[in-house]
Amino acid sequence: MREESRAVYPGSFDPVTRGHLEVIERARELFDVLHIAVASNPDKSCLFTSEERLELLRSETADLGGSGVLEFSAFEGLTASFASELGARWILRGLRSAADTAYELPMALSNRRCAQSGIDTVFLPAGAETSFISSSLVREIAAGGGRLEAFVTPRVEEALRGKFPS
């Protein structure tokens, strides 16, 4: 019997973007279980609470394609340790640019070294339609009252407008 393939997709998801959703949909075809892990860092100020980010992720992924099971939780601490606790063999990361690669590759090597169970990182390059999207860019556009439909879904846009009333 084949061992279940389990991956963790960590991120701040503040907010979840069309780029995140693209990675999730594609990853569901690669893994039996994809655990979406909202990073909670007490030293970092986020626009949305961990609970709000989890709720947006659950609602926005409910109708995505793919066959893998989705799980959700928030976590603090090292991603490699959290992945080990979940019994995951892989950490999933999306790459938009060479700058992302320059940051993510050393992180992947560190995670592999730190993990007790030999966790590897799987990289998915962003599609052309989403390679320019970042959560920080989305927050900046939302704060300025700009158009968001290319970056986030209508539900996420509504949540952002609630944080930045006109």
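When we follow my numbering, the leftmost residue of the sequence shown carries the number 9, and every step to the right adds one. Backbone N, C-alpha and C define an ideal beta-carbon position, used for all residues, glycine too. Computed from a predicted structure; not experimentally measured.
What is the C-beta distance between V41 and R61, in whole angstroms, given that I count them as a contact (C-beta under 8 angstroms)?
-> With 8 angstroms as the limit, V41 and R61 do not qualify as a contact, their Cβ atoms being about 20 angstroms apart.
Just the C-alpha distance for F131 and E112, rounded to the nearest angstrom, thanks.
-> Rounded to whole angstroms, F131 to E112 spans 9 angstroms at the Cα level.
Decide if L117 is buried, meaning its Cβ has at least 16 other Cβ atoms within 10 Å, or exposed.
-> L117 should be labelled exposed.
Answer yes or no: do L94 and E33 have a C-beta to C-beta separation smaller than 8 angstroms?
-> No, the Cβ-Cβ distance between L94 and E33 is not below 8 angstroms.
Taking DSSP as the reference, what is the three-state secondary structure of F90?
-> In this structure, F90 counts as helix in the three-state DSSP scheme.
E30 by DSSP, collapsed to three states: which one?
-> Residue state, collapsed to three classes: helix.
Let me know the secondary structure DSSP gives A82 once reduced to three states.
-> Three-state DSSP puts A82 in a strand.
To the nearest angstrom, how far is it from the Cα of R97 to the Cα of D51?
-> When the Cα atoms are used, R97 and D51 turn out to be separated by approximately 28 angstroms.
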